[in-house]
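To keep things clear, I will list the structure first and then write my remarks on it.
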Amino acid sequence: MNDLPAASFQSTQPHNGLPRRRVGDRLRVTAERRSRRDVDAGITHLASLNPSLLQDLQRFAQSHRPGEGLDLLEVLAASLRHNSALLLHLQDDEQVLQMQVLPASRQLRCELGRAPWQALGLLTLRVLRVGTLDLSGGSAPEPFGTAYDLGPMLWHLALHGARGELLPEISGVATYRVTPGASLDVAESVGALATAVQRLQGQTTPLREIASWPGFDRDRAERLLNALYLQSALIVTRSHPGALSGL
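The numbers in the UniProt record's numbering rise by one with no breaks, and the one at position 151 of the sequence shown is 151.
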């Protein structure tokens with residue numbers, strides 16, 4: 001539903017003495033309002049988002065089956081790319097809640113008794129609504145709940161959430177390596193994931209090879225690459241000789 005703002009009519013109230021907006025100002029405000037439309041992406045309602053963020057989220061919706069909504073990982077990734085603060089309405093098997101996403105400070109806020117990656121059912125988590133948090137004029141949104149680091153949420157959601165495919169920014173013909181010096185405090189210190197991260201710190205590797213490592217398959221390899229990418233810890237190379245053979 002692409003609802004445009006209703007036509008405005010001249011006020012019948014007495015003039016309050018404040019200067020009126022110039023015609024150019026009114027046209028600019030009207031254009032901005034018309035560019036922010038409410039639409040639906042499956043079951044997810046996208047409310048008054050800027051055009052570039054809206055287009056980014058709509059491309060994810062095209063790959064979902066009818067009746068599905070956007071995955072939280074997709075929404076958080078878009079929030080980071082556009083540095084857009086968002087207010088989300090989420091639902092898992094047990095509850096519906098609001099979550100503020102603040103990419104500039106790498107934080108999220110919600111009313112939960114423990115960290116959201118522990119309290120929520122990540123595999124069944126659905127996004128019901130995506131709205132913009134207005135930070136214009138330097139004003140901060142009204143905080144609520146508890147603040148949590150966004151990094152662990154991105155890591156656990158990538159590994160254990162509903163999305164098992166590579167994010168579009170890192171998919172296709174490519175090889176992968178961990179960014180030198182990247183901080184990966186959220187990563188496991190032992191086990192197959194830890195070993196894979198260590199190997200990717202020392203070599204550039206195609207997806208097919210990662211999927212063949214002990215304890216891995218293609219799904220787990222793609223999830224690890226998404227997790228590394230969202231920690232700004234992944235180098236994607238399109239021209240490496242191993243890229244063509246690694247799909």
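No residue lacks a Cβ here, since even glycine has one placed at the ideal position from N, Cα and C.
If you follow the beta strand (DSSP E) that residue i is in, where does it begin and where does it stop?
i: GLN91; result: 86-91
i: residue 248; result: Lying before the first or after the last residue shown, residue 248 is absent from the chain, which here runs from 1 to 247.
i: residue 305; result: The structure shown does not extend to residue 305, since the chain is modelled only from 1 through 247, so no value can be given for it.
i: THR179; result: It is not in any beta strand (DSSP E) - THR179 carries neither H nor E in the DSSP assignment.
i: LEU108; result: 107-110
i: GLN149; result: First, the residue type needs correcting, since residue 149 is Asp and not Gln in the sequence shown. Segment 146-149, the beta strand (DSSP E) holding ASP149.
i: ALA119; result: That residue, ALA119, is in no beta strand (DSSP E); its alpha helix (DSSP H) goes 116-119.
i: LEU46; result: 44-47
Flag this pair as yes or no: are the beta carbons of residue i and residue j separated by less than 9 Å?
i: TRP44; j: LEU70; result: Per the sequence presented here, residue 44 reads as Thr, with Trp not at that position. In this structure, LEU70 lies closer than 9 Å to THR44 by Cβ.
i: ARG163; j: LEU230; result: no
i: VAL190; j: LEU228; result: no
i: GLY172; j: ARG238; result: yes
i: ALA47; j: GLY131; result: yes
i: ALA187; j: TRP213; result: no
i: GLY161; j: LEU125; result: yes
i: PRO168; j: ARG59; result: yes
i: ALA158; j: LEU224; result: yes
i: LEU234; j: ILE170; result: yes
Terminal residues of the continuous alpha helix (DSSP H) containing residue i?
i: GLN231; result: Note, GLN231: premise wrong, no alpha helix (DSSP H); not H, not E.
i: VAL75; result: 72-82
i: SER52; result: 51-61
Return the chain-ordered list of same chain residues with a C-beta closer than 6 Å to the C-beta of residue i, the five sequence neighbours on each side being excluded.
i: PRO103; result: SER79, LEU80, ASN83
i: residue 249; result: Absent from the structure is residue 249, since the part of the chain shown begins at 1 and ends at 247.
i: ARG218; result: ALA211
i: ASN226; result: ALA158, LEU167
i: LEU128; result: HIS89, GLN91
Which same chain residues end up closer than 8 Å to residue i when comparing Cβ atoms and leaving out the 5 residues on each side of it in sequence?
i: PRO14; result: Low local confidence applies: a pLDDT of 35 at PRO14 is under 50, so the model's placement there is unreliable, and no value is given.
i: PRO116; result: MET99, LEU108, CYS110, TYR148, MET153
i: LEU112; result: LEU97, ALA119, LEU120, GLY145, THR146
i: ALA194; result: ALA187, GLU188
i: ASP56; result: ALA78, ARG81, HIS82
i: GLN201; result: ARG177, VAL178, PRO180
i: ARG199; result: THR205, TRP213
Which residues in the same chain as residue i place their Cβ atom closer than 7 Å to its Cβ, once the five residues preceding and following it in sequence are excluded?
i: LEU133; result: ALA85, LEU86, LEU87, GLN100, PRO141
i: GLU165; result: GLU222
i: PHE216; result: ALA192, ALA196, ILE210
i: VAL236; result: ILE170, ALA174, TYR176
Assess, as a yes-or-no matter, whether the region 88-104 is touched by the region 170-184 under the definition of 3 or more beta carbon pairs within less than 8 Å.
-> Look at the beta carbons and you see the region 170-184 not touching the region 88-104: under three pairs across the two are nearer than 8 Å.
Could you tell me whether the region 197-211 touches the region 144-157, where touching means 3 or more Cβ pairs closer than 8 Å?
-> Contact fails: fewer than three Cβ-Cβ distances are below 8 Å.
Start-end ranges of the alpha helix (DSSP H) lying completely within the region 178-213, minimum 4 residues = Fully enclosed alpha helix (DSSP H) runs of 4 or longer: 192-202, 207-211.
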